[in-house]
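**Student:** Residue numbers (this note's numbering), protein chains in the order written: chain D, -14 to 342; chain Y, -14 to 342. We put the CB at the ideal spot given by N, CA and C, even for glycine. Here it is: the structure, laid out below.
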């Protein structure tokens, strides 16, 4: 459905319609100019050749320092999506399964299917503040469970997991010998403190990305943090698939890291203002939702809504959102992505609010 | 062995040694400045967002026109390596097999293994002008054979396949319902006429790349040409793995296509001169080899040679080549990659010739 909405949006825009795009998890902000300049410098210096499938040493070292690990634990990937795919490709055999708290990013589920593995979903609820019920999780574990995926902060709810719940899930995983794949791409910009899976014992895996933090989605650069045995396997997989992320893109990413504190501060404030505005406008409606604790999503519910029908009607009025069915069994929900300029956010939210007065 | 040689080369260079690098299939020539400028323009225009997993329409259309197919038949990939992986991932089940004429690029074999499939090698011989014996191929086919890979022109021999042999292989494939995956990344720069698999009937697949033709190896951009049913599957796989090749890189590639005739002419002449020089210098030795018909390799043989020992000794003298064992059962061969400036090519070849006077 996500792709259908996107295609219809593109079609309407081609027809000359102005669409407020709340449908993509793609920052509207521009990549900082210093980062672009660093890529250009890299190209001119001939950083346009084959390179290490692990990533450039300098970039791995800089990331290792940020995350308190060794450079050997880091592999640079074309987006965190590749990192997720690589981990699943290497750890899931046909017939294995992976546990995914839902609502969830569809890619996790599509990838398990592509690999002939099963996705076991745990439904979480708005009414329970989107907490994972750890007993539910335990009952899903069997001897074919190889991975638990956590997306913290979560897409589409923008909820940060309760630390105690994470502690309990890690305990279950460590007892059962299951690895956790923790997708933390929204963590750097979170409005509240988040605890990384790196802070726990166990052979768990963290993926992260430059896409959201630095408005670099289309540069396709992310990374995985794991034990050396696994990073070695990922490097070998990189060697037979895409070879390396272009070195000039890695140089741009290194520049982004040098400006990290400043960029994060600016981006976070920007998204926080949009989230505050969303809360303000939507509070005045019959929609139920939890306050976003991270960029960029709000995932409101309206009892009895057919969100697919609603979504297509809203798109005809000029606002693109994504129905909840794109993130699991959530037909009464829809996802608003606050990745548009402030005035468009305001206008779009008011149009949505109008429908639920 | 290829990777070990590369690592030792890098180590020696770090120690301050000057190494003539005949070990990589990576053009020493720089990416044309117009292409770099096009990427920079793209970045500045905000072409740094998520985009179509199929590739940009303009680039697909330009490639479709060059190859005489529809844009729907083209998918843009991060290098032809990804195109090869994607095709094999989608068409090979565990226990299936793929036939590979040898000597061959190791990635083909590593990828079959990674997918739990078998690589069935057909040995070709210098003494038979590296021709594939089609009867040998027929005897290897069984009901688990899903693909035949052809690399034409070939790495490491730089031999262009005899058209009649290709005709016969296509006949066998079409009779048996097997697809051919034709890796044609050296075809654009070939010194002699090559016949693309696109000129044949049957649901065959061609992969190509900007890496060699435009000295864009480290940009990671290539493409696959196939029937729409298969390209649709590759697009879906792209969606769950890397999303898209950065749009600014696709704009650079489009610029390269606009300058295509001029760039190809310059590049081809450059490599032809190096190949001629190699033939001249090596003819005066006890090495046996076939004349390169395409960039950039020479694959000479010396009867009784232990090429792994030879390679490490030669590297200590300052010239990096790759032993024949990296391309199959060719212990008496080594691969020289003529991807170094002309004067280095001359010096390095003379050092090699010295050993086989």
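State the DSSP-derived secondary structure class of residue 156 of chain Y, mapped to helix, strand or coil.
**Tutor:** Helix.
**Student:** Short check: CB of residue 216 of chain Y to CB of residue 69 of chain Y, under 8 Å?
**Tutor:** Taking C-beta atoms as the reference points, residue 216 of chain Y and residue 69 of chain Y fail to come closer than 8 Å.
**Student:** Write down every uninterrupted run of the alpha helix (DSSP H) in the stretch 310 to 342 of chain Y whose length is 4 residues or greater and which is fully enclosed by it, in chain order.
**Tutor:** 327 to 340
**Student:** List in chain order: all unbroken beta strand (DSSP E) runs of 3+ residues lying wholly within the stretch 85 to 154 of chain D.
**Tutor:** 103 to 108, 130 to 136
**Student:** Please list the partners that residue 31 of chain D has in chain Y, where partner means a Cβ-to-Cβ separation under 7 Å.
**Tutor:** Ordered by position in chain Y, the residues that pass the 7 Å Cβ test against residue 31 of chain D are 15.
**Student:** What does residue 9 of chain Y reach in chain D if we use C-beta pairs closer than 7 Å?
**Tutor:** 35
**Student:** Note down, in chain order, each residue of its chain lying with its Cβ closer than 8 Å to the Cβ of residue 158 of chain Y, except the 5 sequence neighbours on either side.
**Tutor:** Here residue 158 of chain Y has 133, 164, 165, 187, 189 as same chain residues with Cβ atoms under 8 Å from its own Cβ, once five neighbours each way along the sequence are excluded.
**Student:** For residue 66 of chain Y, go through chain D and note every residue whose CB falls closer than 8 Å to its CB, in chain order.
**Tutor:** Chain-order list of chain D residues neighbouring residue 66 of chain Y: 225, 226, 227, 228, by C-beta distance under 8 Å.
**Student:** Against residue 96 of chain Y, what residues of chain D qualify as contacts under a CB-to-CB distance less than 9 Å, listed in chain order?
**Tutor:** What residue 96 of chain Y touches in chain D: 225, 226.
**Student:** Give me the Cβ distance between residue 330 of chain Y and residue 259 of chain Y, rounded to the nearest whole Å; I'm assuming they're in contact under 8 Å.
**Tutor:** Contact flag correct, Cβ pair sits at about 5 Å.
**Student:** Along the beta strand (DSSP E) that carries residue 207 of chain D, what are the first and last residues, could you check?
**Tutor:** 207 to 210
**Student:** Just reading off the beta strand (DSSP E) that residue 164 of chain Y is part of, what are its end residues?
**Tutor:** First-last of the beta strand (DSSP E) with residue 164 of chain Y: 164 to 168.
**Student:** How would you write the range of the alpha helix (DSSP H) that residue 37 of chain Y sits in, first residue to last?
**Tutor:** Counting along the chain, residue 37 of chain Y falls outside any alpha helix (DSSP H), and DSSP gives it neither H nor E.
**Student:** Is residue -10 of chain Y closer than 8 Å to residue -2 of chain Y when the C-beta atoms are compared?
**Tutor:** Not a contact, by the Cβ cut-off of 8 Å.
**Student:** So, for residue 224 of chain Y: in the same chain, excluding its five sequence neighbours on each side, which residues have a beta-carbon less than 7 Å away from its beta-carbon?
**Tutor:** 38
**Student:** I'd like the span of the beta strand (DSSP E) that includes residue 193 of chain D, first residue to last.
**Tutor:** Start and end: 190 to 194.
**Student:** For residue 59 of chain D, which residues does DSSP report across the bridge?
**Tutor:** D/210
**Student:** Under 8 Å between beta-carbons, which chain Y residues line up against residue -1 of chain D? List them in chain order, please.
**Tutor:** Neighbours of residue -1 of chain D in chain Y, taken as residues whose beta carbon is under 8 Å from its own, are absent, since the nearest beta carbon is some 11 Å off.
**Student:** Starting from residue 288 of chain Y and walking both ways along the alpha helix (DSSP H), at which residues does that stretch end?
**Tutor:** It is not in any alpha helix (DSSP H) - residue 288 of chain Y carries neither H nor E in the DSSP assignment.
**Student:** Taking Cβ-Cβ distances below 8 Å as the criterion, which residues of the stretch 187 to 217 of chain Y are in contact with chain D?
**Tutor:** 200, 201, 202, 203, 204, 205
**Student:** Just to confirm, are residue 145 of chain Y and residue 181 of chain Y a CB contact at a threshold of 8 Å?
**Tutor:** no
**Student:** Can you name the start and end residues of the alpha helix (DSSP H) that residue 233 of chain Y belongs to?
**Tutor:** 232 to 243
**Student:** So residue 142 of chain D and residue 341 of chain D are in contact, right, with Cβ under 8 Å, and what is the actual spacing, rounded?
**Tutor:** Rounded, the Cβ-Cβ distance is 18 Å, inconsistent with contact.
**Student:** On the three-pair Cβ rule with 8 Å, is the stretch 237 to 244 of chain Y touching the stretch 269 to 288 of chain D?
**Tutor:** no
**Student:** DSSP three-state label for residue 5 of chain D, please.
**Tutor:** strand
**Student:** On a CA-only basis, which of D/95, D/230, D/41, D/290 is nearest residue 62 of chain D? Give me that one, please.
**Tutor:** Looking only at D/95, D/230, D/41, D/290, the smallest Cα-Cα distance to residue 62 of chain D is reached by D/230.
**Student:** Using only CA atoms, which one of Y/7, Y/248, Y/26, Y/239 lies nearest to residue 337 of chain Y?
**Tutor:** Y/7
**Student:** In the DSSP assignment, find the unbroken alpha helix (DSSP H) run with residue 18 of chain D in it and report its ends.
**Tutor:** 18 to 29
**Student:** Using a cut-off of 7 Å between C-beta atoms, extract the partners of residue 21 of chain D located in chain Y.
**Tutor:** 28, 29
**Student:** I want to check one thing, is the minimum distance from the CB of residue 57 of chain Y to the heavy atoms of the ligand GTP below 7 Å?
**Tutor:** Annotation note on the ligand GTP: not contained in the displayed structure, which lists no ligands.
**Student:** I'd like the list of long-range same chain contacts for residue 93 of chain D, defined as Cβ closer than 6 Å, with 5 residues on each side in sequence excluded.
**Tutor:** 85, 134
**Student:** When the Cα of residue 296 of chain Y is compared with those of Y/288, Y/289, Y/305, which residue comes out closest?
**Tutor:** Y/305
**Student:** In chain order, what residues of the stretch 70 to 94 of chain Y put their CB closer than 8 Å to some CB of chain D?
**Tutor:** Among the residues of the stretch 70 to 94 of chain Y, those with a Cβ less than 8 Å away from any Cβ of chain D are 70, 79, 92, in the order of the chain.
**Student:** Between which two residues does the alpha helix (DSSP H) holding residue 43 of chain D run?
**Tutor:** 42 to 52
**Student:** For residue 32 of chain D, which residues from the same chain have a beta carbon less than 7 Å from its beta carbon, with the 5 sequence-adjacent residues on both sides left out?
**Tutor:** 232, 233, 236
**Student:** Leaving out five residues before and five after residue 168 of chain Y in sequence, what residues of the same chain have Cβ atoms less than 6 Å from its Cβ?
**Tutor:** 136, 192
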